[in-house]
Each structure stands twice: as structure tokens, then as C-alpha cells.
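K.L.:
Here it is, the structure in full.
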Ligand SMILES: Nc1ncnc2c1ncn2[C@@H]1O[C@H](COP(=O)(O)OP(=O)(O)OP(=O)(O)O)[C@@H](O)[C@H]1O
Ligand SMILES: [Mg+2]
């Protein structure tokens with residue numbers, strides 16, 4: 003029971019610009035030679051092992067390669083190298099078998115605008131060979147679950163962004179897939195609907211389904227995922243349970259200082275303070291990883307004053323995936 | 469091959485087409501019927517054109533309607549779905565090899581082209597009034613030509629729909645389809661071009677010529693036409709080439 007997902011040393015190099023990128027990026031004005039040179043390394047050796055029945059999160063900044071990973075796992079993107087499997091099936095070589103096992107919510111909306119909400123679900127069911135009675139039954143059930151029954155007979159074209167998102171998720175669950183891929187499922191959802199989504203994901207997982215989701219939202223990853231992989235520049239830079247990941251940040255607390263002038267001497271001094279594990283300097287900003295927060299402010303202020311600079315600002319954050327990301331990449335996830 | 473999936477997609481296209489039936493019919497019928505009325509009725513009644521021009525014109529009009537219906541029915545949704553609405557994604561994820569989705573599109577386009585042809589014949593006949601002399605001596609050959617023309621139209625639609633950008637739709641009509649009509653031997657038989665030998669050779673590159681001549685050969689054989697064997701051979705070759713090109717383009721659009 004349950005189907006796992008795995009990738010081995012997955013690589014993807016895009017050799018043409020994304021189709022939606024518009025005339026400038028498509029390089030219509032470029033010569034042939036220049037156009038040939040277009041190359042984006044989207045994935046640079048991603049290996050993941052997702053167990054049957056696991057909720058697994060991919061976390062990373064824009065352009066990290068999350069959607070590309072999902073694209074390869076769902077047959078929509080051709081890998082340049084490496085291997086992707088859904089259960090026992092090689093996604094690229096056994097596409098149809100793999101597709102039968104998965105449900106996908108893609109990042110960009112792709113509802114069938116020619117159909118009503120109910121028809122979107124029933125036709126989707128028909129593509130998977132569900133008998134007619136089961137189609138209508140399941141469609142009604144899902145419309146209800148996602149609070150769309152009232153609008154069931156409207157064409158999806160007129161839906162709000164959040165309603166489209168809910169309908170997309172309902173559609174992905176329509177054929178009862180063993181593995182559910184959700185690429186930023188909570189984008190555009192209001193807080194209440196987000197909670198509804200979380201509940202639905204948990205419930206779906208409780209009956210043994212595997213779920214792979216991407217998100218920018220720490221809270222979401224923390225609340226839903228058994229394990230998380232942090233991806234940056236097409237590489238997995240950390241992978242573990244949320245709690246374990248958070249525990250792996252030195253100290254756990256992050257104190258971000260903004261000073262008028264930072265010197266190596268000051269940084270060394272701060273790093274030597276009791277409770278501080280690591281200090282990193284970045285211009286006039288200093289990040290301290292420490293095992294406590296508030297109690298350090300007094301000593302820090304004193305040290306800064308003694309070195310003849312001014313302390314503009316201190317920001318303390320508790321152990322979080324955000325800090326973890328910052329620690330690994332030197333960049334904030336939200337930028 | 470997963471026929472359930474295939475037929476579900478065909479059912480989806482039929483459902484959408486049925487919902488838009490009136491708009492679709494207007495879109496595909498209006499232009500040809502206006503042509504029929506002006507050239508076939510006004511010009512002949514006024515004596516500017518001989519009466520027997522009617523029977524010359526009708527096969528060409530049938531071909532044109534079929535070709536344009538087929539091309540538009542396949543190409544326009546594909547252009548929008550690949551570049552703008554992404555509607556097609558859900559079907560690309562269905563448990564069937566994606567090439568079959570292209571085949572389904574072609575089949576749906578063929579059916580629409582044949583339906584268009586089926587509507588144009590009686591409508592034009594009515595508009596033309598008396599004096600239409602069509603004969604159906606070789607029904608099987610006629611059916612064969614119809615199928616090959618419909619396939620040319622929808623495979624052409626597949627190729628265009630997967631090669632043309634949203635921004636180039638206007639160009640597609642003005643630079644490709646409009647000249648195809650003018651030099652498609654719709655309003656005149658191919659033999660009428662004999663006064664322009666260079667053009668007469670060049671238009672042989674235009675698939676629409678074979679559609680018109682093929683229909684003329686089987687419906688109004690009294691006019692001189694390109695030999696039917698040549699027409700069938702050319703249509704077969706064109707169909708095969710367009711299917712191959714269309715499938716390739718479709719695949720490139722569908723998988724990044
Ligand atoms: N179809 C495509 N053609 C060319 N390049 C692409 C294509 N899709 C993605 N890319 C590029 O590959 C890289 C990874 O993109 P991807 O969409 O996987 O990132 P992501 O982690 O999902 O980002 P986001 O959080 O913005 O969704 C980016 O640099 C992007 O520009
Ligand atoms: Mg993405």
C-alpha cells in the first residue's frame with residue numbers, strides 16, 4: 003500500500019527560454035548563434051527518496067527548481083540526466099503507468115475554461131476511465147468538500163483566483179491518485195481556505211497517500227510536512243524533518259544586527275561572547291547564530307558601543323526554517 | 469492504447485463544439501456562403517458570368533469551407549491553450565501517450581471539417597438556385613477525396629497551431645491563408661491558369677489546389693481538371709507530411 007517517489011541525480015538544463023517569457027526574453031532579435039547559447043541549469047543533481055505515505059515539502063526561493071522537479075516527476079518536463087520514479091515506474095520510460103498513479107496541481111492555473119466546474123471534474127474523471135455514476139458522485143463530493151457546490155454549474159472562466167485554485171486541487175484528487183503533487187497549493191487562498199486545504203491534505207495523507215508539495219511558506223511546510231528538502235540553485239542543500247532541520251541551525255536563534263560600521267574586530271568579539279555560536283558579517287549587517295535571544299542584547303549593545311560604532315537595529319528571530327534557509331544560502335527565502 | 473481516455477477527450481471536444489454550435493456555424497459558413505451568393509448568384513443572374521459557372525464554383529467552395537473549418541477548429545484552440553490558458557495541461561497529464569492527444573485533435577478537426585462540408589452543400593445549392601449540374605458518378609472516390617481533404621485541413625491546423633504564436637495569428641491569416649485561397653483554384657479550374665505558366669507551376673505547391681481539383685473532378689467532371697490519381701497522390705503525400713510535422717511540433721510544445 004502507498005506509492006513512493008524517488009529521483010536520482012536529476013539534472014535539467016533548459017536550452018530555450020520559457021514559452022511565456024515574452025518577445026524580449028525569447029531573443030527574437032538575437033542571431034542564431036546567440037540563441038543557441040541559451041542555457042539555464044534548473045536542476046543540478048537532485049536526489050530525493052520520498053517514502054510511501056509521506057508528506058514531503060520542497061522549499062526554496064523563486065527559480066530554485068521546485069517546479070522543474072515536479073515537472074519531471076509528472077512527465078511534463080524532460081530530464082537532461084538522472085532518473086525519476088513513481089513507485090516502480092520510471093517516469094520518462096513508463097509515462098502512462100506513472101501518470102495513472104499521480105494527481106497534479108500545477109503552479110499556474112490551467113483549468114478548462116470551456117467547461118463548468120462540475121464538468122471539469124467529470125471530464126477529468128472520464129479521462130481516467132471512471133464509470134459515469136462514480137464520476138458524478140465523486141464530483142459532487144469534491145465540490146462540497148472544497149465549498150464550490152454553489153458555483154458548480156458556472157464556467158470556471160468567471161471564478162476568482164482562490165476558487166480556481168480550490169477547483170484545481172479538487173480536480174487533482176478526482177481520480178483518487180496514490181501520489182498528489184501540489185505546486186504552491188496555497189497561493190491566492192485566504193487564511194481560512196488555507197486551513198481548509200491543510201486539513202484536506204492531512205486527511206488525504208491519513209488514508210496512505212503520498213504528497214509532494216512546494217511552498218514558500220514556512221508555517222505551511224512546518225505544519226504539513228514530515229520531511230522537507232531545501233532547494234537552491236537546483237541543488238538540495240538540506241533535507242530532514244522540520245524539527246531536526248531547525249535544530250541543526252547553530253544555536254537556533256538568529257540575531258540580525260544593523261550597525262553604522264562593522265569591523266572584523268567587532269565581529270570576532272561578538273563571536274567570542276558566551277551563547278553566540280557563529281557570527282557572519284555582510285556589509286554593515288551582522289548575523290549572530292546563538293542559543294538564546296533577548297538576554298544577549300545587553301552584552302551586544304555594550305560590545306558595539308565599545309568598538310566605537312552605533313547599533314541601529316537588532317532583530318531577533320526564534321528557530322525557524324526561515325533562519326535555516328538564511329543560514330544555508332545567505333539569502334532570505336522571501337526575497 | 470487507452471481508448472477510454474481517447475474517447476473521453478473526443479467527447480469533451482464534441483461537448484464544447486455543441487455548446488458553441490451557432491457561433492461555430494456562423495464563423496465557418498458565412499464567408500463561403502457570401503462568396504456563393506455574389507459569384508454564383510449575382511454574377512450569373514446579371515449575365516456577367518455564364519450559368520454553368522455555378523457548377524464550377526460549388527466544389528471549390530466546399531473545399532474551401534472544409535479546409536478553413538478544419539484549420540481553425542484545430543489551430544485556434546491549440547494556440548490559446550498552449551500559450552495562454554494552458555487548458556490542455558489536464559489532458560496532457562491523462563493516462564495516455566501524449567501523441568494520441570494530437571491524434572484526437574486531428575480527428576475532431578476532421579469531423580468538424582466534414583460537418584462544415586455537409587452544411588455548405590445544401591446551403592449553397594439553395595443559394596445558387598437553378599442550373600447546378602453536379603454529378604456523383606464515383607461516390608467512393610468522392611468520399612476518399614473528402615476524407616483526404618478533411619485530414620489535410622486538420623493536420624494543417626495541428627501543425628500551424630503548434631508553430632504559430634498568439635501574436636502571429638494575424639500574419640498567419642494574411643500571409644498564409646489568404647494567398648492560399650486566391651491561388652487555391654477555388655473560383656477557377658487549374659487549367660484556367662494555363663495563360664500564366666509560371667504561376668500555374670507554382671500553385672502546385674498549394675495544397676488547396678488539390679482539394680479544389682479533387683472535389684471538382686469527382687463532382688463536376690465536365691470541367692477539365694488535374695487527373696484524379698495525381699490529386700489523390702498529392703493529397704496523400706501532403707497529409708502524411710503534415711501529420712508528421714504536426715506531431716513533432718505538438719510534442720515540442722507539450723514537453724519542455
Ligand atoms: N519551460 C522553461 N523553459 C526555460 N526555462 C525555464 C522553464 N521553466 C523554468 N525555467 C527556468 O528554470 C529555473 C527553475 O525554475 P522553476 O520554475 O523550477 O523554479 P521554482 O523553484 O518553481 O520557482 P518559483 O518559486 O518561482 O515557482 C528558473 O531559472 C526558470 O527561469
Ligand atoms: Mg515554481
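Residue numbers (the numbering used here), protein chains in the order written: chain U, 3 to 337; chain P, 469 to 724. C-beta: ideal position from N, C-alpha, C; glycine also. These numbers were taken from a predicted model, which means no experiment stands behind them.
(1) Check whether the segment 531-538 of chain P and the segment 686-696 of chain P touch, using three or more Cβ-Cβ pairs below 8 Å as the test.
(2) How would you write the range of the alpha helix (DSSP H) that residue 557/P sits in, first residue to last?
(3) Could you check what DSSP says for residue 286/U in three-state terms: helix, strand or coil?
(4) Measuring only between beta-carbons, confirm whether residue 333/U sits less than 8 Å from chain P.
(5) Measure the CB-CB distance between residue 572/P and residue 474/P and report whether it falls below 8 Å.
(6) Might you give, ordered along the chain, the residues of its own chain that have their beta carbon closer than 7 Å to the beta carbon of residue 547/P, omitting 5 neighbours on each side?
(7) Could you tell me if the beta carbon of residue 178/U falls within a distance shorter than 7 Å of some heavy atom in ligand 3?
(8) If you compare alpha carbons, which of 486/P, 518/P, 530/P and 678/P is closest to residue 728/P?
(9) How is residue 716/P classed by DSSP in three states: helix, strand or coil?
(10) Any beta carbon of chain P sitting closer than 8 Å to that of residue 76/U?
(11) Put residue 13/U into one of helix, strand or coil per three-state DSSP.
(12) Residue 550/P to residue 253/U, Cα distance in whole Å?
(13) With a Cβ-Cβ cutoff of 8 Å, do residue 234/U and residue 62/U count as a contact?
(14) Cβ of residue 256/U within 8 Å of Cβ of residue 325/U?
(15) Please classify residue 181/U: does DSSP put it in a helix, a strand, or coil?
(16) Reducing DSSP to helix, strand and coil, say where residue 680/P ends up.
(17) Consult DSSP for residue 650/P and reduce its assignment to one of helix, strand or coil.
(18) Within 10 angstroms of its Cβ, does residue 527/P collect 16 or more other Cβ (buried), or is it exposed?
(19) Name the residues in the segment 128-145 of chain U whose C-beta lies less than 8 Å from a C-beta of chain P; which are they?
(20) DSSP state of residue 280/U, grouped into three classes?
(21) What residue from 313/U, 127/U, 5/U and 4/U has the CA that sits closest to residue 476/P's CA?
(22) Cβ of residue 14/U within 7 Å of any heavy atom in ligand 2?
(23) Is residue 71/U near ligand 2, judged by its Cβ being under 7 Å from some heavy atom?
(24) Can you find the residues in the same chain that come closer than 7 Å, C-beta to C-beta, to residue 425/P, ignoring five residues on each side of it along the sequence?
(25) How close, in whole Å, do the beta carbons of residue 675/P and residue 620/P come, if the pair is a contact with beta carbons under 8 Å?
(26) With a CB to CB cut of under 7 Å and the five nearest residues on each side skipped, what residues in its chain are close to residue 138/U?
(27) List the endpoints of the continuous beta strand (DSSP E) containing residue 238/U.
(28) Hey, residue 557/P and residue 112/U are a contact pair by Cβ (cut 8 Å); roughly how many whole angstroms apart?
(29) Relative to the alpha-carbon of residue 164/U, which residue among 97/U, 70/U, 193/U and 269/U has its alpha-carbon at the smallest distance?
(30) Flag this pair as yes or no: are the beta carbons of residue 306/U and residue 278/U separated by less than 8 Å?
(31) Does the distance between the C-beta of residue 430/P and the nearest non-hydrogen atom of ligand 2 fall short of 7 Å?
(32) In the DSSP assignment, find the unbroken beta strand (DSSP E) run with residue 588/P in it and report its ends.
(33) Could you tell me which of 653/P, 588/P, 687/P and 695/P sits nearest to residue 606/P, measuring between CA atoms?
(34) Should residue 97/U go down as buried or exposed, given a rule of 16 or more other Cβ atoms within 10 Å for buried?
(35) For chain P, is any of its Cβ atoms less than 8 Å away from the one on residue 96/U?
(36) Could you check how far apart the C-beta atoms of residue 69/U and residue 185/U are, in whole angstroms? I think they sit under 8 Å.
P.N.:
So, to answer that:
(1) no
(2) In the second chain, counting from the first residue as 1, residue 557/P sits at position 89. Element bounds for residue 557/P: 557-560.
(3) On the first chain, residue 286/U is found 284 positions in, with the first residue counted as 1. In this structure, residue 286/U counts as coil in the three-state DSSP scheme.
(4) Walking along the first chain from the start, residue 333/U turns up at place 331. Not closer than 8 Å to any Cβ of chain P, the Cβ of residue 333/U fails to qualify, so no.
(5) On the second chain, position 104 is the one that residue 572/P refers to. On the second chain, position 6 is the one that residue 474/P refers to. Yes, Cβ-Cβ distance for residue 572/P and residue 474/P is below 8 Å.
(6) Sequence index remark: in the second chain, residue 547/P carries index 79 (1-based). These residues qualify, in order along the chain: 629, 632, 634 and 637.
(7) Ligand 3 is not part of this structure, which contains only ligand 1 and ligand 2.
(8) Given that chain P is displayed from residue 469 to residue 724, the structure contains no residue 728/P and the question cannot be resolved.
(9) Here residue 716/P refers to the residue found at position 248 of the second chain. Three-state result, residue 716/P: helix.
(10) Locating residue 76/U in the first chain gives position 74, where the first residue counts as 1. At least one chain P Cβ lies under 8 Å of residue 76/U.
(11) As a position in the first chain, residue 13/U is number 11, starting the count at 1. Correct three-state label for residue 13/U: strand.
(12) The residue you call residue 550/P lines up with position 82 of the second chain. The residue you call residue 253/U lines up with position 251 of the first chain. The straight-line gap from Cα to Cα measures roughly 49 Å.
(13) Along the first chain, one-based indexing puts residue 234/U at 232. Along the first chain, one-based indexing puts residue 62/U at 60. Closer than 8 Å, so yes.
(14) Numbered from its first residue, the first chain carries residue 256/U at position 254. Numbered from its first residue, the first chain carries residue 325/U at position 323. Yes, the pair counts as a contact, with Cβ atoms nearer than the cut-off.
(15) By one-based count along the first chain, residue 181/U stands at place 179. Three-state DSSP puts residue 181/U in a strand.
(16) Sequence index remark: in the second chain, residue 680/P carries index 212 (1-based). Helix, per DSSP.
(17) For the purposes of this step, residue 650/P is taken as the residue at position 182 of the second chain. The answer is helix: DSSP assigns residue 650/P an H, G or I state.
(18) As a working mapping, residue 527/P is identified with position 59 in the second chain. So residue 527/P ends up on the buried side.
(19) 128, 129, 130 and 131
(20) Here residue 280/U corresponds to residue number 278 of the first chain, with the count starting at 1. The answer is strand: DSSP assigns residue 280/U an E or B state.
(21) By 1-based counting over the second chain, the position of residue 476/P is 8. Considering only alpha carbons, the answer is 127/U.
(22) Against the first chain, residue 14/U aligns to sequence position 12. Result no, Cβ not under 7 Å from ligand 2.
(23) The sequence position of residue 71/U within the first chain is 69, counting from 1. Flag unset: Cβ of residue 71/U not near ligand 2.
(24) Residue numbering for chain P in the displayed model covers 469 to 724; residue 425/P lies beyond these limits and cannot be assessed.
(25) Your numbering for residue 675/P matches position 207 in the second chain. Your numbering for residue 620/P matches position 152 in the second chain. Correct: roughly 6 Å between the Cβ atoms.
(26) As a first step, residue 138/U must be located in the first chain, where it is residue number 136. Contacts found: 124.
(27) Translated into positions along the first chain, residue 238/U becomes position 236. Element bounds for residue 238/U: 237-242.
(28) As a working mapping, residue 557/P is identified with position 89 in the second chain. As a working mapping, residue 112/U is identified with position 110 in the first chain. Right, their Cβ atoms sit about 4 Å apart.
(29) Residue 164/U sits at position 162 when you count from the first residue of the first chain. Ranking 97/U, 70/U, 193/U and 269/U by Cα distance to residue 164/U puts 193/U first.
(30) Taking the first residue of the first chain as 1, we reach residue 306/U at position 304. Taking the first residue of the first chain as 1, we reach residue 278/U at position 276. No, the Cβ-Cβ distance between residue 306/U and residue 278/U is not below 8 Å.
(31) Here chain P comprises residues numbered 469 to 724, so residue 430/P is not present and cannot be evaluated.
(32) Reading the second chain from its first residue, position 120 is the one you call residue 588/P. Run containing residue 588/P: none in the beta strand (DSSP E); it sits in the alpha helix (DSSP H), 566-596.
(33) As a position in the second chain, residue 606/P is number 138, starting the count at 1. Considering only alpha carbons, the answer is 687/P.
(34) Here the question's residue 97/U lines up with position 95 in the first chain. When all chains shown are included, residue 97/U counts as buried.
(35) Residue numbering aside, residue 96/U sits at position 94 when the first chain is read from its first letter. No, its Cβ sits nowhere closer than 8 Å to a Cβ of chain P.
(36) Within the first chain, residue 69/U is the residue found at index 67, counting from 1. Within the first chain, residue 185/U is the residue found at index 183, counting from 1. Residue 69/U to residue 185/U, Cβ: 6 Å. Contact.
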